[in-house]
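A.B. asks: I'd like to ask you about the structure that follows.
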Amino acid sequence: MKSILSGQQVDFVGMLHELVELEFDAIEAYKTAIDRVVDEDFKSLLIRFNEQHERHVVEINHILIARGVEAVKGPTGKRWVIKGEVMLGQAIDNDKGILKVMFYIEEDTNKGYETLCQYKIWEEAVEILEQGLKDEQGHKRWLEEILDNWNDAE
Ligand SMILES: [Fe+2]
């Protein structure tokens, strides 16, 4: 029997578009976080993660274009506001708060990739999506570890 998922009419293009939008929104949040974080080690880490997000956008858009589909050009700008998860304004006034917000964002990027990785519809997308999931799992794990080991008594 053929895989149920691949046999169904799935709006794979729409899902990829949403994933790239999610990436763009994450990049916007990362830019703000990088700007505001004080600790230089955290800053370098966030810069490295953000570079991976930027690479994901390029790679997935590349696939879309090669398939004759329109690429995603920018963030929606709505996602985090709606979810109330990112208080990228005054609420973030310390490194821990910033990293916490980025952790929530990475929970979403992880979910996004986990979902997309179930659909092996375009052969050329499989490896890129799986690598993307690994990257995102790494980001989430790093942030989680830092937050878990945070010494509030400092
Ligand atoms: Fe990430």
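FYI, in numbering that gives the first Met the number 0 the residues of the sequence shown are 0 to 153. Here a beta-carbon is modelled for each residue, glycine too, at the ideal position from N, C-alpha and C. The structure displayed is predicted, hence computed values, not measured ones.
(1) Quick check on alanine 65: buried or exposed, where buried means 16 or more other Cβ atoms within 10 Å of its Cβ?
(2) Between lysine 139 and phenylalanine 102, is the Cβ-Cβ spacing less than 8 Å?
(3) Provide the residue span of the alpha helix (DSSP H) that contains glycine 13, from first to last.
(4) Please classify alanine 70: does DSSP put it in a helix, a strand, or coil?
(5) For the alpha helix (DSSP H) that contains tryptophan 141, what are its first and last residues?
(6) If you run the structure through DSSP and keep just helix, strand and coil, what is tyrosine 103?
(7) CB of alanine 32 to nearest heavy atom of ligand 1: below 7 Å?
C.D. replies: Let's see:
(1) exposed
(2) yes
(3) 11-35
(4) coil
(5) 122-147
(6) helix
(7) no
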